[in-house]
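One gets the numbering used here by counting positions in the sequence shown from 1 and adding 7 to each.
No residue lacks a Cβ here, since even glycine has one placed at the ideal position from N, Cα and C.
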Amino acid sequence: MSKDADKIFDFVIIGSGFGGMCCAYILADEGYSVALLEKNIQYGGCLQIFSRDKFILDTGLHYIGGFDPGQNLNTIFHYLGLADKMKFHRMDENGFDIISFSDGRKFKHGMGYENFIQQLVKDFPEEEKAIHAFCKKIQEVCKQFPIYHLKDEQAENYLDVEVRGENAHDYLASITNNIALRNVLAGNNMLYAGVKEKTPLFVLALIFNSYICGSYKIVTGGAQLIRQFSQRLREKGVKKMNRHKVVSAIYDDNKISALKTDNDETIYGKKFISTIHPSATIDIFGQENFYPAFVKRINNLENTTSSFIVQLTFKPYSFPYLNHNIYHYFTDDVWETINYSGEEWPLGFYLTTPVPVKNKSFAESLTVMCYMQPEDVAPWVNTFNSTVHPGSRGDDYEKFKKQKEELVIKKLETLYPGIRNSILHVYSSSPLTFRDYTNSVNGSIYGILKNSNSPLSTVINSRTKIPNLYLSGQNLIFHGVLGTSIGAIVTCFEFVNRKKLMEKINSFSQLI
Ligand SMILES: Cc1cc2nc3c(=O)[nH]c(=O)nc-3n(C[C@H](O)[C@H](O)[C@H](O)COP(=O)(O)OP(=O)(O)OC[C@H]3O[C@@H](n4cnc5c(N)ncnc54)[C@H](O)[C@@H]3O)c2cc1C
């Protein structure tokens, strides 16, 4: 039994992903006692890393946006005490993302709006007006959401229904008939697992804008972020407890008084924040304790699709380091990548090389992310694996993964002939890996899928019917390191003076 077993924490937070860590930091910095419970051995959730053959490989963190001085995430990282302690690498200014097609066409996304326009106008001189309209529009959408710019202009944290209901694909179709340009503007849609008929423009806007405003890689990725954030939380007195899977709650009248964990501990608290998926939260706290309409809505919501990720490690000095990402397509419609059928998989992939530790010119590894539907791994759905209980899902599963790895490598060879000779080792993860390591529903990459057809159905409030239970994490506002940190701020508005918190955070802006 832990020595904190009888302590009553001001806040008990479920999940140590970036969302949980941010909530813990904000509250501890305001003087509250905080316990952070994590089911895995490793903290960090999607930021977890794994090491193989002396290589450290990332799972869910490849690049961050909004990181130029004065931009939202830059300010937040300074406030969190992370920015000065970590190493960041600014990506190619004139093409941090390259959208490429199997016929050899390549298009660059430049950093900074002027540059972004300049790069695209080179390729689409006749579309200058549409490119300007796009940039103006996505900035306008972001402005409608003051908290995104860390502004405390209005009490409203959420976008209004009209903005939520505008569809991204339809908007792009409304500004240009040029299909190639539409594809280039939606070409990074793996960043939000976009679905043509459903993804709202605001999702594209919040995410795309952030990357235009400063795309950076974190040197040694999630490893550095988890290490530094854990250190900051320790300094603030946060009690971190790994291998503490929350399984149920103890109630005192209608309020929660403690959480029970799978190692039979009881963690007492006054207030509780769940940063895990709302449907998993309902399972823990009992659906009878929520409004039936909420339970029905949450359980009927669609989640973003899952992915199959291939990680290649390279022989020394054999493959160049790419200071940009590549979104490569084997189809003429970037939105169709998600709707592959068996033989044609994958219809596209995202490629990124982490910043090399040794020689700056050569990559040490390459991450290839492809969409994969959970149905593809249905035969092994009843096998489970985790850092606490590592194991194997059987030979068939290993064979399946090897086949998929080979398909990916064959398609990679169409871009990089000879890449096979550079490969040292191949590792892969499937939707089941994500399901088991982060507890995401069916291995969903980014949680709940926002839907422009039913804009309000995907709005999640930080308050719940249980008076001392609150929600945060990637499903609250939007996903990603930026989205979850903004979500944490919004959740903490329930407990701290909103104006003062925003003043404090903004005092860390590098433009002041
Ligand atoms: C493949 C992939 C690539 C990505 N790339 C990027 C990127 O390049 N840039 C970017 O900004 N974002 C990226 N993201 C998104 C980003 O990683 C996530 O949106 C963000 O990290 C989610 O944080 P979170 O705290 O909401 O949830 P999570 O990170 O999922 O954390 C939830 C935590 O809760 C724990 N947990 C679950 N159930 C329990 C329980 N019952 N008891 C205790 N603990 C529990 C889990 O183990 C986990 O640690 C990527 C995501 C994926 C999957």
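Asked	Found
Note down, in chain order, each residue of its chain lying with its Cβ closer than 7 Å to the Cβ of HIS331, except the 5 sequence neighbours on either side.	MET98, ASP99, GLY102, PHE103, ASP104, ILE105
Among HIS156, PHE209, ASP403, whose alpha-carbon lies nearest the alpha-carbon of ARG171?	PHE209
Who are the Cβ neighbours of SER436 in its own chain at under 6 Å, not counting the five residues just before and after it?	ILE316
Do SER217 and LEU489 have their beta-carbon atoms positioned less than 8 Å apart in this structure?	yes
In its own chain, which residues sit with a C-beta less than 6 Å from the C-beta of ALA200, not counting the 5 before and 5 after it?	THR311, THR312, ILE452, TYR453
Cβ of GLY26 within 8 Å of Cβ of THR491?	yes
Given this structure, state the Cα-to-Cα distance separating ASP36 from ILE15, to the nearest angstrom.	18 Å
How many Å lie between LEU80 and THR206 at the Cα?	23 Å
Hey, could you find the ends of the beta strand (DSSP E) HIS156 is sitting in?	Counting along the chain, HIS156 falls outside any beta strand (DSSP E), and DSSP gives it neither H nor E.
I want to know whether the region 320-340 touches the region 358-376 - three or more CB-CB distances under 8 Å.	yes
Exposed or buried, GLU405, counting other C-beta atoms within 10 Å across all chains shown (16 or more means buried)?	exposed
Quick one: Cα of LYS472 to Cα of SER264, how far?	15 Å
With DSSP run on the structure shown, which of helix, strand or coil describes VAL364?	coil
So, are the CB atoms of CYS30 and ALA495 less than 8 Å apart?	yes
Exposed or buried, LYS506, counting other C-beta atoms within 10 Å across all chains shown (16 or more means buried)?	exposed
How far does the alpha helix (DSSP H) with GLN78 in it reach, from first residue to last?	Segment: none, GLN78 is in no alpha helix (DSSP H) and carries neither H nor E.
Just checking VAL488 against ligand 3 - is the residue's beta carbon closer than 7 Å to any of the ligand's heavy atoms?	The ligand content of the structure shown is limited to ligand 1, which means ligand 3 is not among them.
When you compare each of CYS499, GLU160, ARG189, ASP65 to ALA140 by their alpha carbons, which one comes out closest?	ARG189
Would you say the beta carbon of ASN195 comes nearer than 7 Å to a heavy atom of ligand 1?	no
Can you tell me whether ASP13 is buried or exposed? The criterion is at least 16 other CB atoms within 10 Å of its CB, across all chains shown.	exposed
With a threshold of 16 other CB atoms inside 10 Å of the CB of PRO361, please say whether the residue is buried or exposed.	buried
Given a cut-off of 8 Å on the beta-carbon distance, is the pair ARG239 and LEU89 in contact?	yes
For ASN185, which residues from the same chain have a beta carbon less than 6 Å from its beta carbon, with the 5 sequence-adjacent residues on both sides left out?	GLU134
For the region 46-65 and the region 220-236, state whether three or more C-beta atom pairs, one from each stretch, are separated by less than 8 Å.	yes
With a threshold of 7 Å, establish whether the CB of VAL253 neighbours any heavy atom of ligand 1.	yes
Suppose you measure from the CA of GLU371 to the CA of ASN449; what does that come to, to the nearest Å?	31 Å
What beta strand (DSSP E) runs, 3 residues minimum, are completely inside the region 404-443?	430-436
May I ask you to check if the CB of GLU45 is nearer than 7 Å to at least one heavy atom of ligand 1?	yes
Identify which residue in ILE512, LEU319, SER109, ASN122 has its Cα closest to the Cα of ILE416.	LEU319
With a CB to CB cut of under 6 Å and the five nearest residues on each side skipped, what residues in its chain are close to ASP403?	none
Who are the Cβ neighbours of LEU463 in its own chain at under 8 Å, not counting the five residues just before and after it?	VAL168, ARG171
Roughly how many whole angstroms lie between the Cα atoms of GLY72 and SER222?	5 Å
Among SER286, ILE219, HIS432, which one has its Cα closest to the Cα of CYS142?	ILE219
Of all the beta strand (DSSP E) runs that stay within the bounds of the region 282-336, which reach a length of 3 or more residues?	313-321, 332-336
For the beta strand (DSSP E) containing CYS377, name the first residue and the last one.	372-379
Suppose the cutoff is 8 Å on Cβ atoms and the five residues either side in sequence are ignored; what does the same chain contact list for PHE321 look like?	PHE369, ALA370, GLU371, SER372, LEU373, SER429, ILE430, LEU431
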